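A short write-up of the structure that comes next.
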Amino acid sequence: MITVTEATGTPGALERLADEGVSVWLDDLSRTRIESGDLARLVETGGVVGVTTNPSIFQAAIGSGAGYEEQLADLAVRGVTVDEAVRMMTTADVRAAADVLRPVYEATGGRDGRVSIEVDPRLAHDTAATVAEARQLFWLVDRPNVMIKIPATRAGLPAITEVIGAGISVNVTLIFSLERYREVMDAYLAGLEKARAAGHDLATVHSVASFFVSRVDSEIDKRLSVLGTDEALALKGRAALANARLAYEAYEEVFAGDRFTALAGTGAQRQRPLWASTGVKDPAYRDTLYVEELVAPGTVNTMPEATLAATADHGDVRGDTVTGGYDRARADLAAVERLGISYDEVVEQLEREGVAKFEAAWQDLLDAVTKSLDSKADDKGVDGE
């Protein structure tokens with residue numbers, strides 16, 4: 001397993017990100033990473049101050065079986081359902097990771113040191129079930145530095161408000177469009193208002209808004225390649241950064257506004273933009289593209305292990321690369337639209353695909369755990385004869 005502390009090359013890239021106001025989170029978790037001490041090393045010496053998970057990450061971790069054999073055997077003996085088994089394993093990992101990150105949480109006043117766990121993706125279009133699941137996950141993990149991930153679907157928006165209103169910190173995930181991002185920020189502010197009315201301490205409620213990056217380029221670049229003109233090809237690799245930079249512009253506007261200012265007076269925290277899907281999909285691009293080009297104060301960049309190691313090895317952090325680029329960003333997206341590629345169509349498609357991918361990964365995880373539980377149950381039957 002590669003760790004940041006083993007990387008060589010340009011020193012201090014992760015530290016420079018921190019100096020620029022960017023929090024580095026790891027987009028990965030497994031029991032092996034926790035029990036081997038790798039996560040602790042990344043936190044202590046590798047600049048990692050948070051962890052994000054998703055159904056695909058847990059499918060890869062638990063589906064491999066490594067580190068889960070004993071718990072699977074116990075769950076099989078108890079005869080639990082596969083859904084309960086998955087929840088017991090995932091929440092155990094998040095609880096353990098939250099304990100590793102607890103010193104960061106304490107040192108930063110709750111700003112960092114966070115570990116995210118996502119509601120069952122099959123509930124993405126059910127508001128009430130999402131709220132109930134979020135409450136249950138918060139109770140199961142039972143750590144103050146957990147963040148519950150809720151997808152930014154149409155049904156997810158009122159769920160965000162309700163969960164924030166209950167005083168639970170939320171990571172809003174699967175944001176692709178600027179319009180939906182503004183709706184997410186509105187849902188967060190509404191949640192803070194509910195939390196204040198309910199008597200919750202707003203200083204303890206934190207949130208990030210996970211704006212997905214590389215998937216935007218993957219889809220728009222594909223369409224630009226089909227067009228194949230010089231103008232189209234010159235726009236490849238620019239749409240995702242433009243989209244993210246305009247999201248940051250919206251963030252600056254909303255959290256400088258009167259509505260949030262009134263809440264900030266009672267301890268409310270800004271909902272930070274989090275750059276997700278920052279692993280480069282096109283090998284023609286620099287592997288640190290979505291780190292170096294999205295440096296701005298008050299942001300989070302959650303990186304898969306390969307991107308984290310690449311940034312530590314040869315990242316070129318040269319200061320704020322976002323706030324001066326709004327006009328260029330608008331021009332790039334407008335140029336894509338002029339070529340007949342609909343921004344609205346692309347981001348709607350990406351949201352549908354994002355939910356579907358997580359649902360598929362969750363089903364694969366359920367299938368793998370079902371197989372393991374059945375195997376353990378068979379072993380128990382043989383031993384008892």
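Counting from 1, one number per residue, gives the positions in the sequence shown under full-length UniProt numbering. Cβ coordinates follow ideal geometry from the N, Cα and C atoms, glycine included. For clarity, every value in this text was computed on a predicted model and none was experimentally measured.
Considering only the beta carbon of each residue, do S23 and V300 sit closer than 8 Å?
Result yes, Cβ atoms of S23 and V300 sit closer than 8 Å.
Whose CA, out of S56, S210, A97 and S277, lies closest to the CA of G37?
For G37, the nearest C-alpha among the options comes from A97.
Given a cut-off of 8 Å on the beta-carbon distance, is the pair L202 and A268 in contact?
Yes; because the gap between Cβ atoms is below 8 Å, this pair is in contact.
If you draw a straight line from the C-alpha of G384 to the C-alpha of T81, how long is it?
Any reading at G384 must be qualified, since the residue scores a pLDDT of 45, below 50, and its modelled position is unreliable; the value itself is stated next. Going by the C-alpha atoms only, they are around 22 Å apart.
Inter-stretch contact at 8 Å, needing at least 3 Cβ pairs: the stretch 131-139 / the stretch 335-347:
With fewer than three CB-CB distances shorter than 8 Å, the stretch 131-139 does not count as touching the stretch 335-347.
Taking the alpha helix (DSSP H) that F58 falls in, what are its first and last residues?
Taken as a continuous stretch (DSSP letters only), the alpha helix (DSSP H) holding F58 covers P55 to S64.
Cα-Cα, which of L14, I57, R238 and V77 is closest to E44?
Taking only the C-alpha atoms, the option nearest E44 is L14.
Distance check for I148 and T108, CA to CA, integer angstroms please.
Distance between the alpha carbons of T108 and I148 is about 19 Å.
Under 8 Å between C-beta atoms of F192 and I175:
Reading off the sequence, residue 192 comes out as Leu, not Phe. The answer is no: Cβ separation not under 8 Å.
Excluding the five sequence neighbours on either side, which residues of its own chain have a C-beta within less than 6 Å of the C-beta of R33, listed in chain order?
Cβ within range, chain order: L39.
Distance CB(A155)-CB(T127) smaller than 8 Å:
Their beta carbons are under 8 Å apart, which means A155 touches T127 by this criterion.
Below 8 Å on the Cβ atoms is my guess for V141 versus R95; work out the distance and round it to an integer in Å.
That pair is a contact at about 5 Å.
Give the DSSP-derived three-state secondary structure of R111 in the structure shown.
It is coil, neither helix nor strand.
Is it buried or exposed for P103, if we count other Cβ within 10 angstroms and need 16 for buried?
Around the CB of P103, fewer than 16 other CB atoms lie within 10 Å, so the residue is classed as exposed.
Using 8 Å as the cut-off, can you tell me whether the stretch 47-62 makes contact with the stretch 346-356, which would need three or more C-beta pairs spanning the two stretches below that distance?
Counting Cβ pairs under 8 Å, fewer than three are found: no touch.
Cα-Cα separation between A368 and D258, rounded to whole angstroms
As the crow flies, the alpha-carbon of A368 is around 50 Å from that of D258.
Is the beta carbon of L157 closer than 8 Å to that of V184?
Contact flag set, yes.
I'd like the span of the alpha helix (DSSP H) that includes L241, first residue to last.
Run containing L241: A239 to V254, per the alpha helix (DSSP H) assignment.
What residues match up with G199 in a beta bridge as DSSP calls it?
Beta-bridge pairing links G199 to no other residue.
Around the Cβ of P11, are there at least 16 other Cβ atoms within 10 angstroms (buried) or fewer (exposed)?
In this prediction, P11 scores a pLDDT of 48, lower than 50, which makes its location untrustworthy; the coordinate-derived value is nonetheless stated afterwards. Taking every protein chain shown into account, the CB of P11 has fewer than 16 other CB atoms within 10 angstroms, so this residue is exposed.
Nearest neighbour of W275, chosen from L29, S30 and V51 [CA to CA]:
Ranking the options by Cα distance to W275, first place goes to V51.
Taking only heavy atoms of the ligand GTP into account, decide whether any of them is closer than 7 Å to the Cβ of D99.
Only the bare structure without any ligand can be found here, which leaves the ligand GTP out of the picture.
What are the boundary residues of the beta strand (DSSP E) that L174 is part of?
DSSP places L174 inside the beta strand (DSSP E), whose first and last residues are V170 to I175.
Contact set for R122: own chain, Cβ-Cβ below 7 Å, skip 5 residues either direction
So the list reads E359 and W362, once near-sequence residues are dropped.
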